[in-house]
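Colleague:
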Amino acid sequence: MAADREHPHLTSRAVPGVGGPGHDARTPDGQSALRLHAGIAAVAFVLCTLVTVIFFLQGATVLGVIFGAIALGCVGVFAWAFASRRAARRAGGG
Numbered sequence: 521m522a523a524d525r526e527h528p529h530l531t532s533r534a535v536p537g538v539g540g541p542g543h544d545a546r547t548p549d550g551q552s553a554l555r556l557h558a559g560i561a562a563v564a565f566v567l568c569t570l571v572t573v574i575f576f577l578q579g580a581t582v583l584g585v586i587f588g589a590i591a592l593g594c595v596g597v598f599a600w601a602f603a604s605r606r607a608a609r610r611a612g613g614g
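Here you go:
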């Protein structure tokens, strides 16, 4: 039955955007990709926050809220990449 099988997304350590033999988060390529994802998310958070502030200062509240939500999404991506990297390292990776 489908309920007896493990859920592939919950047990997989694959890193989005990495193909080939280095797609696992425990490999050096996977660790590097997670570091890259976290770095991009941090830069995107800073830029989205600046744009949010500018929109609020100009009175464009709707656009400010939209970019604020995107900035929060960047925080989520950063947290995911950081947690995935730590979990892979604890599991015996590079």
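Quick note: the sequence shown uses the numbering used here, first residue 521, plus one each step. Every residue gets a Cβ at the ideal spot worked out from N, C-alpha and C, and that includes glycine.
Indicate whether A601 and A561 have their beta-carbon atoms separated by less than 8 Å.
Modeller: yes
Colleague: Helix, strand or coil: how does DSSP classify A534 here?
Modeller: strand
Colleague: On the DSSP bridge list, what partners appear for A544?
Modeller: In the sequence as displayed, the identity of residue 544 is Asp instead of Ala. Answer is A534, bridged to D544.
Colleague: So what's H527 in DSSP terms, helix, strand or just coil?
Modeller: Low confidence applies to H527: its pLDDT is 41, below 50, so where it sits in the model is not reliable, and the reading given next is rough at best. Coil.
Colleague: Quick check: the Cα distance between A607 and T581, rounded to an integer number of angstroms?
Modeller: 39 Å
Colleague: According to DSSP, simplified to helix, strand and coil, what is G559?
Modeller: helix
Colleague: Would you kindly work out how many angstroms separate the C-alpha atoms of I574 and A545, rounded to a whole number?
Modeller: 37 Å
Colleague: Less than 8 Å between the C-beta atoms of R610 and Q551, yes or no?
Modeller: no
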